[in-house]
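Under numbering that gives the first Met the number 0, residues 0 to 270 are what the sequence shown spells out, in order.
For every residue, glycine included, the Cβ atom is placed at its ideal position computed from N, Cα and C.
Encoded as structure tokens, the structure appears first; notes follow it.
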Amino acid sequence: MKPKLFRKQRPAPSGPAPSGSCEYPPLSRVLPLAALIIFCVSALRAADTSFLQMLFVPSDPLSISLGGANASLAGPGSFLINPAHAARSTRPTVAAARVLWWEDISLSSLSAYLPLSAGLTAGFCSLSSDYGSIDAYSALDSPMGSVRAGDSFFAAGAGYRAGAFSAGLSVVTLSQRLSAENEGSASALHGGAEYSFRFMHTGFSYFLPMGEMDLGGGSSPQTIPSVMRAGLNFSFLGSRLSAAGTFPSDGAAFQSFGIEIPVGEVLRFRS
Numbered sequence: 000m001k002p003k004l005f006r007k008q009r010p011a012p013s014g015p016a017p018s019g020s021c022e023y024p025p026l027s028r029v030l031p032l033a034a035l036i037i038f039c040v041s042a043l044r045a046a047d048t049s050f051l052q053m054l055f056v057p058s059d060p061l062s063i064s065l066g067g068a069n070a071s072l073a074g075p076g077s078f079l080i081n082p083a084h085a086a087r088s089t090r091p092t093v094a095a096a097r098v099l100w101w102e103d104i105s106l107s108s109l110s111a112y113l114p115l116s117a118g119l120t121a122g123f124c125s126l127s128s129d130y131g132s133i134d135a136y137s138a139l140d141s142p143m144g145s146v147r148a149g150d151s152f153f154a155a156g157a158g159y160r161a162g163a164f165s166a167g168l169s170v171v172t173l174s175q176r177l178s179a180e181n182e183g184s185a186s187a188l189h190g191g192a193e194y195s196f197r198f199m200h201t202g203f204s205y206f207l208p209m210g211e212m213d214l215g216g217g218s219s220p221q222t223i224p225s226v227m228r229a230g231l232n233f234s235f236l237g238s239r240l241s242a243a244g245t246f247p248s249d250g251a252a253f254q255s256f257g258i259e260i261p262v263g264e265v266l267r268f269r270s
């Protein structure tokens with residue numbers, strides 16, 4: 000009977016890893032933490048800036064139904080909130096919306112997306128607001144009739160998608176009309192990014208004005224506020240909970256919360 004031979008196993012090396020290797024925390028841990036920090040550092044109150052209010056007012060049906068809490072949730076007209084949303088469109092898409100308020104105020108928007116390749120999508124979005132007739136007064140509080148005021152906003156750009164990450168950039172032209180004699184325009188850059196993993200989606204965008212707006216009539220040039228948006232949404236039990244923070248450079252920051260609950264196969268409840 001031949002004796003059995005056993006190979007002696009070497010013990011596993013102990014001690015610190017070699018100096019040449021370096022481990023980093025996964026991106027899925029860093030992004031939610033950063034989003035929560037940004038989201039919690041600001042007080043819960045409405046923005047008090049009055050110049051170019053359209054930068055903060057939801058304009059498309061998805062944004063309105065969620066109270067603007069879709070910085071990380073793509074929709075037909077959410078290109079103005081985060082340009083990276085364009086990368087979510089995988090087929091040609093056209094969307095139009097109109098919002099009416101009781102006080103003779105309206106918002107009209109039109110957006111379109113065209114996929115150029117598997118991961119690249121071009122798009123544009125146009126938004127115009129009409130504040131109706133506004134009573135004008137002189138420095139001595141004497142009535143001077145009424146004026147028609149409104150804003151317009153046009154953005155064109157593209158979004159790129161690579162796996163769970165997407166990014167977008169757009170060039171923006173915006174103008175404001177206070178009367179027939181007082182009207183000005185300016186331009187800006189708008190960039191954004193999104194990252195999705197498991198049941199959570201995060202989004203971030205930054206609106207960067209390229210100069211001031213001169214409305215003429217001897218008035219001082221108006222400073223356009225830069226706007227940062229950060230948000231995340233969770234999927235659970237077929238529903239989606241969204242949260243977003245808006246941080247303008249001029250005025251107080253504010254947060255929005257929304258929920259989306261499917262009812263049947265085609266109907267969704269949003270609040």
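- Here T89 has P114 as same chain residues with Cβ atoms under 7 Å from its own Cβ, once five neighbours each way along the sequence are excluded.
- Looking at the DSSP output, L109 sits in a beta bridge with A95 and S125.
- For C124, the CB contacts under 6 Å within the same chain, skipping 5 residues up- and downstream, are F78, L79, S110 and A154 in chain order.
- A Cβ-Cβ separation of about 19 Å leaves A157 out of contact with L173 under the 8 Å criterion.
- The C-alpha of S128 is placed about 7 Å away from the C-alpha of I104.
- Of A192, N181, A185 and L168, the smallest CA-CA separation from G162 is found for A192.
- In this structure S238 is in contact with P261, their Cβ atoms being roughly 7 Å apart against a cut-off of 8 Å.
- Assignment of beta-bridge partners to R269 by DSSP yields E259.
- For the set F253, Q175 and S241, the Cα lying nearest the Cα of G215 is the one of Q175.
- Straight through space, the alpha carbons of A148 and R228 are spaced by roughly 27 Å.
- Take D213, set aside five residues on each side of it, and the residues of its chain with a beta-carbon closer than 6 Å to its own are G183 and P220, in chain order.
- Per DSSP, the unbroken beta strand (DSSP E) holding S234 starts and ends at V226 to F235.
- The alpha-carbon of P91 is positioned some 43 Å away from that of S218.
- Straight-line measurement puts the Cα of Y205 at about 17 Å from the Cα of A86.
- Non-local C-beta neighbours of F246 in its own chain, meaning closer than 6 Å and more than five positions away in sequence, comprise M227 and A252, ordered along the chain.
- Annotated three-state conformation of F253 is strand, per DSSP.
- In the structure shown, the three-state DSSP call for L79 is helix.
- Here V93 has A111 as same chain residues with Cβ atoms under 6 Å from its own Cβ, once five neighbours each way along the sequence are excluded.
- In the DSSP assignment, G202 falls within the beta strand (DSSP E) that extends over M199 to P208.
- R197 and S165 have their C-alpha atoms some 16 Å from each other.
- Contact annotation: A185 and G210 have beta-carbon atoms nearer than 7 Å.
- With contacts defined by Cβ atoms closer than 7 Å, L236 and I258 do not form a contacting pair.
- In the three-state scheme derived from DSSP, where H, G and I count as helix and E and B as strand, A86 is classed as helix.
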